[in-house]
Amino acid sequence: MDSTEVRPVTALVVGASGATGQLLVRQLLERGANVRTIVRSPEGLPQDFHNHERLTITQASLLELSDGEMSEQVRDCDAVASCLGHNLSFKGVYGHPRRLVTDATRRLCNAVRANGPQGPVRFVLMNTAGNSNRDIPERVSFAQRCLVGLIRVLLPPHPDNERAADFLRTEVGRRHACIEWSVVRPDSLIDEDKVSEYDVRTSPTRSAIFDPGKTSRINVGHFMAELITNEQLWRQWEGQMPVLYNREPLRQSS
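What the sequence shown shows, in our numbering, is residues 230 to 483, in sequence order.
Below, the structure is given as structure tokens:
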């Protein structure tokens, strides 16, 4: 190998069969990355994924993997990305596993640590703008705080997202020898065909409940792929919880 040649990034993507996860996988492949996925139903992936030379598909239920199998999945990975979420059905919201995102985040991080990588592995977690970053003073109205408290009781996926982000903030922290992390917080997710202009903010600029913005899934996939492959962007957002909004077109004055 020529000394100037850049080694392709190797990334594990969990939640790859979901609407956003598929887009992230495609974005990474377009950047020349080697991608691994763990999915329960490979038939849910796009047909062209199955024959891609840089994509490895493992059929399994993530949380049913043994610790050894989990460690093998993350071995030699430069990054791990989670697009896991709960299905918007009664069983998906109230059934098991209640702490899918949290348990997966913890086990994947433990697997990275067990391998003792030579350099830090990037962990990119897709979360939600409705989850506040408790490392910084984010402005949240009293009404929103009350409603979020109710949501925590009534909708288990929300506290699952909170706990997963809190695990990275408090248990992994910012000076871990094996893991660096970033928690990506899109607002209301929408479907669009192409990547469009979007804004990345340190904190929400609008209420996720009373005045939500919009974030296209393909923009989330684009930003997460950039975090994994772009060193400068990673250094800007490592250890933070960036919020994504689609950029709204300027209104012309009449």
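Beta carbons are placed, not taken as given, at the ideal position from N, Cα and C, and that holds for glycine.
In the structure shown, the three-state DSSP call for residue 475 is strand.
Distances from the alpha-carbon of residue 388 to those of 278, 357, 365, 472 put 357 closest.
Nearest in C-alpha terms to residue 310, of all of 432, 450, 473, 475, is 450.
Residue 441 and residue 406 do not touch by the CB rule: their CB atoms are close to 38 Å apart, not below 8 Å. The criterion of a C-beta distance shorter than 9 Å is not satisfied by residue 306 and residue 396. Between residue 268 and residue 289, the C-beta spacing is below 9 Å.
In this structure the region 428-444 does not lie against the region 270-290, because fewer than three pairs of beta carbons, one per stretch, are closer than 8 Å. Distance from residue 412 to residue 470 at the Cβ level is roughly 4 Å; contact confirmed, criterion being Cβ atoms closer than 8 Å. Collapsing the DSSP output to three states places residue 411 in a strand. The DSSP assignment places complete alpha helix (DSSP H) segments of no fewer than 4 residues inside the region 335-393 at 371-383, in order along the chain. By DSSP's assignment, residue 288 forms a beta bridge with 268.
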